[in-house]
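Take 726 as the starting number for the sequence shown in this note's numbering and just add one per residue.
From the three backbone atoms N, C-alpha and C, an ideal C-beta is built for every residue, glycine too.
As the structure is a prediction and not an experimental result, all values here were calculated from the model.
For reference, the structure discussed in these notes is given below.
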Amino acid sequence: MTIDVGRVRADTPGCEHVVHLNNAGSSLPPRQVTEAVVDHLRLEERVGGYEAAAAALDRSERTYDAVAELVGADRDEIALVENATRAWDMAFYSLPWKPGDRILTSRAEYASNAIAFLQIARRHDVRVEVVPDDETGALSVEALRDMIDERVKLIAVTHVPTQGGLVNPAAEIGAVAREAGVTFLLDACQSVGQLRVDVREIGCDLLSATGRKFLRGPRGTGFLYCSRRILDRLEPPFLDLHAATWTSADSYEVRGDARRFENWEGYVAGKIGLGVAADYALSLGLDAIEERVTGLAETLRGRLAALPGVTVHDQGARRCGIVTFTVDGHDSRDVAARLSASKVNVSVSAASSARWDFEARALPSLVRASVHYYNTEEDLDRLCEALPSR
Ligand SMILES: Cc1ncc(COP(=O)(O)O)c(C=O)c1O
């Protein structure tokens, strides 16, 4: 199966207005997603929010099936939440931390994850340890294996970092975690929707992702996968009457499925739109998506590297749709502003979003161009042509 680029562009009204290379920020949604969201909002307008939710129950329930299919899980292992951070936090803060526990993580980790590690480290006297990289810049699986002992409570790794094209070896990390019996939490926020991500192949216990990035869903949506293997051992940091049942005056019972990580009130239109986005990705085929996205990104890296004064900074033997670069003599924010004036959307990655990595590599802020399957080689030309002179 290959992507019919004409068709997916016809499904994407935004393609007529901009060259959108900010899919790692928030993608252009296909019209099917926008229509599903707007249709539900219109229904709420006509009949009332609760009544609309009841009438659309099949559609919102379909989202659990679509998301489960997308990542190779079962529907009762999926919680739908507001974003990837909330999904990740609900998993992370559910673990029963005690002094001396160790967390093994990667250098490329996202800021919000690192901040949460540091908070738990302070609160419970837990140790946070960054696993060294291999020679390609990915987490070294060998080093990880050497660091395992009985005090390791969690392996928490970002699959694709916010600041570059690297793909960490999730399945190899999963194999180490399984062998050692250590819980493995994968931040797949930037990988779901652009790569094939299968929780059983990877062997993770927990996986967090967002709707609006490569999955092309609505903003304000995300999900958590929690394996049935460990669900019963995790009591969420917050409970409400959806996550648990108040069974007697002084008792409650936590839900038996992953919805224990949700709360009652939610963005129903967004939830429906997320399911439509997952179904859209499934209809194109995850392998076909990955092939096109990684191919376009490699083409862009090649074109940028050939330009004098432009440096590409992506690491890893396996790389994805995120391309980061700098232009000699120009601050990356100015480069992004200039591209924006030419209707080319990119973003800027700065140390504040991944400090361990930026400091270790002594990186300045980076221009981040993130491609999707609906982008074309002409889009890449437009980017290269709009760069400032060096
Ligand atoms: C690697 C990574 N993890 C987590 C997040 C947070 O996602 P969200 O904004 O949906 O909470 C991001 C956002 O950029 C990210 O790049």
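{"Item": "In chain order, each beta strand (DSSP E) run of at least 3 residues that lies wholly inside the stretch 1000 to 1045", "Value": "1035 to 1037"}
{"Item": "Cβ pair count under 8 angstroms reaching 3, the stretch 1072 to 1090 against the stretch 996 to 1013", "Value": "no"}
{"Item": "Ordered list of beta strand (DSSP E) runs contained in the stretch 915 to 940, each at least 3 residues", "Value": "931 to 935"}
{"Item": "From Glu-987, Asp-729 and Asp-957, residue whose alpha carbon lies closest to that of Met-815", "Value": "Glu-987"}
{"Item": "Gly-995, DSSP secondary structure in three states", "Value": "helix"}
{"Item": "Where Glu-807 falls: helix, strand or coil (DSSP)", "Value": "coil"}
{"Item": "Gln-915 Cβ short of 7 angstroms to ligand 1 heavy atom set", "Value": "yes"}
{"Item": "DSSP bridge partner residues for Glu-978 (one or two, in chain order)", "Value": "Thr-970"}
{"Item": "Where Glu-794 sits in the DSSP three-state scheme", "Value": "helix"}
{"Item": "Under the three-state DSSP convention, the category Asn-988 falls into", "Value": "coil"}
{"Item": "Distance CB(Ala-1022)-CB(Val-1096) smaller than 8 angstroms", "Value": "yes"}
{"Item": "Ser-837 Cβ short of 7 angstroms to ligand 1 heavy atom set", "Value": "yes"}
{"Item": "Pro-754: CB within 7 angstroms of a non-hydrogen atom of ligand 1", "Value": "no"}
{"Item": "Ile-898 (DSSP reduced to helix, strand or coil)", "Value": "helix"}
{"Item": "Distance between Pro-894 and Asn-1070 (C-alpha atoms, nearest Å)", "Value": "29 angstroms"}
{"Item": "Status (buried if at least 16 other CB within 10 Å, exposed otherwise) for Pro-824", "Value": "exposed"}
{"Item": "Closest by C-alpha distance to Ala-793, when choosing among Ser-933, Val-853, Ala-780 and Glu-776", "Value": "Ser-933"}
{"Item": "Closer than 7 angstroms: Gly-1046 CB and nearest ligand 1 heavy atom", "Value": "no"}
{"Item": "Contact test: Asn-808 Cβ vs ligand 1 heavy atom, cutoff 7 angstroms", "Value": "yes"}
{"Item": "Under 8 angstroms between C-beta atoms of Gly-1046 and Gln-919", "Value": "yes"}
{"Item": "Integer-rounded CB distance, given that Tyr-950 should sit under 8 angstroms from Val-979", "Value": "No, Val-979 and Tyr-950 are not in contact; Cβ-Cβ is about 18 angstroms, not under 8 angstroms."}
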